[in-house]
Amino acid sequence: MQTQEITIYVTPEAANIYKSASDQERRKLDVLLSLRLSEVSQPSRSLKEVMREASREARKRGLTEEVLNELLHEQ
0 MQTQEITIYV TPEAANIYKS ASDQERRKLD VLLSLRLSEV SQPSRSLKEV MREASREARK
60 RGLTEEVLNE LLHEQ
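Residue 8 in numbering that gives the first Met the number 0 sits at position 9 of the sequence shown, and the numbers go up by one each step.
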């Protein structure tokens, strides 16, 4: 998958989580965000459907709910 760097504004907590993540965890977060942004741009689907699909794709790629919770609660 080809990628492109962008700048986004997030909360300080989210920034710290991302900065402290391992390279592998960052790649998973990058994929999750990319999927969410791509899915939100499809107006024919509800946000709930988009979020479910993003969750399924993230799980397929190894980002389980447990891993995500660990990432979000690490400091």
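C-beta: ideal position from N, C-alpha, C; glycine also.
DSSP-derived helix/strand/coil call for residue i
i, result
"R44", "coil"
"Y17", "helix"
"Q23", "helix"
"L76", "Nothing about residue 76 can be reported from this structure: the residues present for the chain run from 0 to 74 only."
"V9", "coil"
Residue i burial status per 10 Å Cβ neighbour count (16 or more: buried)
i, result
"K27", "buried"
"E69", "exposed"
"A13", "exposed"
"E24", "buried"
Pair within 8 angstroms by beta-carbon distance, residue i and residue j
i, j, result
"L34", "A53", "yes"
"L31", "L62", "yes"
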